[in-house]
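Some notes on the structure that comes next.
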Amino acid sequence: MTDLLARLEFAWRRARSTLERTGASVRRRGLRGTVVRALHELRPPSRGGRMPLAIPADLPFRPFAVPCADAPVASVVIPVHDHFAHTLACLRALAACGDATPFEIILVDDASTDETGLRANGVEGLRVVRLRSNQGFIAACNAGAALAHGDYLVFLNNDTAVQPGWLDALIGTFADHPSAGIVGAKLVYPDGRLQEAGAIVFADGSAWNCGRFEDPRAPAWNHVREVDYCSGAAIAIARELFAQLEGFDTHYTPAYYEDTDLAMRVRAFGLRVLYQPASVVVHHEGISSGTDVALGTKAYQRVNWRKFTTRWAQTLADHPAPGTDIRLACEHRAQHRVLVIDACTPTPDHDSGSLRMFNLLGLLREEGCAVAFFADNRAHAGIRTQALQQLGVQVWCKPWMGGAAGWFKRHGRLFDTIIASRHEVAASYLRLARRHAPQARFVFDTVDLHFLREQREAEISGSAVLRKKARRTRESELKLVRAADTTLVVSDYERDLLQRELSGARIELLSNIHRVPAERARFDERSGVVFVGSYRHPPNVDAALWLAREIWPLVRTQREDIDLHLVGPWPPPDVLALGKLPCVQVHGHIPDLDAFLDGCRVGVAPLRYGAGVKGKLNHAMARGQPVVATPVAIEGMHLRDGHDVLVGTDAASFADAVLRLYDDRDLWEALARHGVENVEQHFSITAARKVLRNLLATIEADSQASV
């Protein structure tokens with residue numbers, strides 16, 4: 006009965022929220038735009054069957070060529086002993102993969118007795134090393150590595166078929182995750198089922214392939230994460246590191262546990278072993294050594310297990326015991342287990358809130374947290390979802406996530422922290438969290454205080470409807486602050502406001518999060534004025550109209566040669582119409598916003614109402630672009646008029662400030678310098694990291710106190 010009540014309450018809250026969002030959407034997009042958006046969101050995803058794969062056809066051998074770069078980034082080392090049919094398929098797949106990473110292929114013929122030696126000569130571009138006697142997997146791999154020219158070694162079994170993009174993803178991981186020592190691919194069976202998504206080593210030295218026989222597209226197996234080891238069937242490692250570690254250890258000759266041991270040594274070296282789901286490799290398991298542990302080379306699996314457990318007994322003592330819940334064992338190094346819920350998947354190139362959320366998720370990962378995320382609409386957002394997965398975030402979405410209540414019932418007890426962003430989202434999930442994750446600390450992330458923004462909009466418009474809506478939002482947000490264990494705000498102003506309203510609540514300041522580039526464009530390299538904002542946010546629509554219709558004509562009375570650029574996604578018709586005005590250009594969404602921030606001389610933020618901290622100011626100042634803003638735009642941002650920003654309170658003073666800043670080099674350079682300093686002190690990755698560490702430490706202390 007309790008579960009039923011929880012489900013009904015969640016459904017009721019969702020329905021009420023949907024009605025409110027529908028009304029807001031109609032006001033912004035019109036009826037037709039709202040219907041189109043609803044159909045897109047409600048469209049059922051296609052789950053399909055097993056993962057589609059590209060496997061070369063089994064055709065008779067004919068001479069062909071494989072890639073052979075003059076300056077390879079990667080050296081693909083393939084040890085082979087007989088089974089030429091599989092080697093042929095492997096080479097054909099490599100020839101067809103089309104990856105951009107320059108690579109060479111080194112085939113180590115470990116004294117094959119079939120047609121391997123003869124046929125290999127007919128593959129142009131293939132480097133072939135022949136061993137006089139059969140020495141086994143370890144010796145063959147080490148021999149190939151010794152002759153490699155690439156910066157990275159990629160060890161690949163001959164019974165594999167790489168999929169397009171496999172190598173780019175594998176090698177790209179080292180740039181995206183500088184602490185990576187070994188990166189392993191996602192291994193799938195020829196029938197499309199998952200074979201391995203990294204592996205676990207339990208405390209007794211036994212191993213487990215994560216996700217075996219499951220759907221390889223499921224959320225649990227599609228984020229970059231640290232693993233105990235990855236199968237040597239498809240792994241990459243820097244050539245210099247491999248040499249420094251003296252390669253695969255011959256202690257495990259001829260094979261088995263050499264890849265696991267190498268992973269342990271890489272970790273002892275201070276680097277990580279990562280699983281990369283975007284690198285997909287089909288693996289015909291057991292072709293070379295069979296699957297019977299009592300016969301042939303496979304028998305060494307038991308022998309080498311004893312060697313391995315003896316060598317690493319002290320380290321293994323901290324590994325999970327056999328039988329541990331796989332969901333916990335897969336992330337057993339995590340310092341915290343955090344669930345984050347937001348309205349939608351972050352689009353960091355579209356809006357400030359998304360950029361903050363994206364960077365927050367990245368910081369949680371950097372701080373050693375296992376992070377799961379789902380959007381309230383539970384949609385797979387394409388490249389946006391993939392970007393989170395590459396950060397190391399486990400993203401749950403349709404069709405693998407059905408009802409929220411059932412999901413919480415299955416997974417709620419895995420988390421020690423739940424962060425729900427925005428009041429309409431947090432209100433929907435608080436009861437489910439308390440019911441199914443009672444051990445977790447619930448963090449309400451306001452993003453900004455919505456009721457404050459709505460109150461100010463109502464004051465400007467004089468709308469009784471908006472005033473009523475603001476009162477309802479205020480009641481909802483304050484109720485959540487009371488119920489949450491911690492509330493996050495983005496400005497001192499909002500923190501002080503909430504502490505006056507609710508003196509006993511725990512309020513923490515975690516503001517916008519921006520990266521400050523080392524190089525920034527200079528005064529003479531810039532021209533024009535730019536306003537940036539997402540037009541789904543009503544204050545930005547109002548600001549653009551006020552700027553173009555009332556402020557810009559005053560600027561043009563003195564300077565007709567300055568262009569005004571309005572940049573941002575989803576401009577409504579009245580904003581698009583501004584492009585007909587003299588010297589006003591409406592650009593819509595610009596994927597590379599930095600080009601405008603580096604190219605325009607002055608940024609403007611003519612907001613007449615709003616709340617929270619304005620990411621448009623942070624982003625501009627981080628790139629050395631000074632800003633003219635209104636008092637409400639700089640609220641809670643530690644900015645001083647004339648020191649790191651110019652402030653205009655009405656159309657005339659705003660226009661005067663734009664003109665003064667545009668032509669005064671000394672003033673421009675001073676504001677640019679001080680703006681960068683402001684971001685570094687209050688809104689940088691470093692500043693956010695300090696706050697986040699304190700928050701996690703507080704949550705951990707609370708958890709221990711409650712035990």
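Quick note on our numbering: the sequence shown kicks off at 6 and runs consecutively. Note that the Cβ used here is the ideal one computed from N, Cα and C, for glycine as well. Computed from a predicted model, the values in this text were never measured in an experiment.
Selection from the options that minimises the alpha carbon distance to residue i
{"i": "Phe528", "options": "Arg670, Val188, Ile388 and Leu161", "result": "Arg670"}
{"i": "Lys585", "options": "Arg606, Arg554 and Pro574", "result": "Arg554"}
{"i": "Arg520", "options": "Ala610, Gly629, Asp579 and Gly533", "result": "Gly629"}
{"i": "Val82", "options": "Gly252, Tyr262 and Val546", "result": "Gly252"}
{"i": "Gly237", "options": "Glu245, Asp119, Glu290 and Thr635", "result": "Glu290"}
{"i": "Gly641", "options": "Lys619, Pro631 and His592", "result": "Lys619"}
{"i": "Arg332", "options": "Glu429, Gln399 and Ala409", "result": "Gln399"}
{"i": "Ala660", "options": "Leu644, Trp405 and Thr635", "result": "Thr635"}
{"i": "Ala4", "options": "Asp490, Cys102, Phe313 and Gly122", "result": "It is not possible to answer for residue 4, since the shown part of the chain is limited to 6 through 712."}
{"i": "Ala268", "options": "Phe313, His288, Thr258 and Val308", "result": "Phe313"}
{"i": "Gly275", "options": "Gly216, Thr255 and Ser184", "result": "Ser184"}
{"i": "Ile465", "options": "Gly680, Leu612 and Arg311", "result": "Leu612"}
{"i": "Val78", "options": "Ala180, Ala148, Pro84 and Ala273", "result": "Ala180"}
{"i": "Val376", "options": "Asp421, His643 and Thr491", "result": "Asp421"}
{"i": "Ala548", "options": "Tyr667, Leu419, Pro577 and Leu502", "result": "Pro577"}
{"i": "Pro221", "options": "Tyr257, Ala488, His256 and Ala283", "result": "Ala283"}
{"i": "Ala150", "options": "Leu112, Glu120 and Asp173", "result": "Leu112"}
Residues near residue i by beta carbon distance below 7 Å, same chain, minus five either side
{"i": "Val285", "result": "Gln168, Trp171, Ala190, Lys191 and Val193"}
{"i": "Glu459", "result": "Leu471, Lys474, Ala475 and Thr478"}
{"i": "Gly592", "result": "The residue asked about is misnamed: residue 592 is His in this sequence, not Gly. Around His592: His570, Leu571 and Val572."}
{"i": "Ile595", "result": "Val572 and Phe601"}
{"i": "Arg500", "result": "Val494, Ile512 and Leu514"}
{"i": "Asp118", "result": "Just to set this straight, residue 118 is Thr in the shown sequence, not Asp. The residues are Asp87."}
{"i": "Asp646", "result": "Val652"}
For residue i: DSSP bridge partner residues
{"i": "Tyr234", "result": "Ala204"}
{"i": "Ile176", "result": "Paired residue(s): none; Ile176 is not in a bridge."}
{"i": "Gln213", "result": "In the sequence under discussion, the amino acid at residue 213 is Trp, which differs from the Gln named in the question. Paired residue(s): Ile205."}
{"i": "Asp646", "result": "Val650"}
{"i": "Glu129", "result": "Ala70"}
{"i": "Ser539", "result": "Answer is none; Ser539 lacks a bridge partner."}
{"i": "Pro84", "result": "Val113"}
{"i": "Lys603", "result": "Sequence check: residue 603 is Asp here, not Lys. Its beta-bridge partners do not exist; DSSP assigns none."}
{"i": "Glu513", "result": "Leu493"}
{"i": "Cys374", "result": "His341"}
{"i": "Ser689", "result": "His519"}
{"i": "Tyr157", "result": "Ala79 and Ala243"}
{"i": "Lys403", "result": "In the DSSP output, where bridge partners are listed per residue, Lys403 has none listed."}
{"i": "His288", "result": "Thr165"}
Cβ neighbours of residue i in the same chain (closer than 6 Å, five flanking residues each side left out)
{"i": "Ala627", "result": "His519, Val521 and Val684"}
{"i": "Leu44", "result": "Since pLDDT at Leu44 reaches only 47, below the 50 mark, its modelled position is unreliable, and the value read off the structure follows with that caveat. None."}
{"i": "Thr296", "result": "Note that Thr296 scores a pLDDT of 49, beneath 50, so its modelled location is shaky; the value from the coordinates is reported in the next line. Excluding residues within five positions, none has a Cβ falling inside 6 Å."}
{"i": "Ala239", "result": "Leu161, Ala190 and Val286"}
{"i": "Val696", "result": "Leu515"}
{"i": "Ala706", "result": "none"}
{"i": "Arg342", "result": "Ala375, Leu419, Phe420 and Asp421"}
Contacting residues, own chain, Cβ-Cβ under 8 Å from residue i (five flanking each side not counted)
{"i": "Leu300", "result": "Only weak support is given to the placement of Leu300: the predicted model assigns it a pLDDT of 46, under 50, and the value that follows is read from those uncertain coordinates. The answer is none, since no qualifying residue turns up."}
{"i": "Ala438", "result": "Phe413, Gly417, Ile423, Ala425, Ala445 and Phe447"}
{"i": "Ala59", "result": "Ala98, Ala101, Ala166, Gln168 and Pro169"}
{"i": "Val298", "result": "Annotation note: pLDDT 47 at Val298 (below 50); position unreliable, no value reported."}
{"i": "Ile690", "result": "Asn364, Leu368, Ile518, His519 and Arg520"}
Whole-number beta carbon distance between residue j and residue i, since they are thought to touch under 8 Å
{"i": "Gly397", "j": "Arg370", "result": "4 Å"}
{"i": "Val71", "j": "Leu93", "result": "Their Cβ separation, rounded to whole angstroms, is 11 Å, which puts Val71 and Leu93 out of contact at 8 Å."}
{"i": "Glu201", "j": "Asn214", "result": "4 Å"}
{"i": "Gly155", "j": "Glu109", "result": "6 Å"}
{"i": "Ala125", "j": "Asp114", "result": "7 Å"}
{"i": "Ile176", "j": "Val278", "result": "Not a contact, Cβ separation roughly 16 Å."}
{"i": "Tyr261", "j": "Tyr305", "result": "5 Å"}
{"i": "Val663", "j": "Val560", "result": "6 Å"}
{"i": "Ala692", "j": "Gln686", "result": "7 Å"}
Any non-hydrogen atom of the ligand COA within 6 Å of residue i CB
{"i": "Tyr614", "result": "The model depicted lacks the ligand COA and carries no ligand whatsoever."}
Contact between the stretch 203–217 and the stretch 320–339 (3+ Cβ pairs under 8 Å): Look at the beta carbons and you see the stretch 203–217 touching the stretch 320–339: at least three pairs across the two are nearer than 8 Å.
At least three beta-carbon pairs within less than 8 Å, the stretch 66–75 to the stretch 133–148: Taking one beta carbon from each stretch, the stretch 66–75 and the stretch 133–148 have fewer than 3 pairs nearer than 8 Å; the two do not touch.
The stretch 516–523 touching the stretch 464–473, judged by at least three CB pairs closer than 8 Å: For the pair of segments examined, the stretch 516–523 was found not to touch the stretch 464–473: the number of CB pairs separated by less than 8 Å stays below three.
Validate contact between the stretch 213–227 and the stretch 312–323 using beta carbons, cut 8 Å, 3 pairs: Taking 8 Å as the limit for Cβ pairs, the verdict is that the stretch 312–323 does not touch the stretch 213–227.
Cβ pair count under 8 Å reaching 3, the stretch 123–131 against the stretch 155–164: Contact between the stretch 123–131 and the stretch 155–164 is absent: fewer than 3 CB-CB pairs across the two stretches fall below 8 Å.
Three-pair Cβ contact test at 8 Å for the stretch 338–353 versus the stretch 379–387: The stretch 338–353, when compared against the stretch 379–387, does touch it at the 8 Å Cβ threshold.
Cβ contact (3+ pairs, closer than 8 Å) linking the stretch 491–508 and the stretch 542–552: Not touching, per the Cβ criterion.
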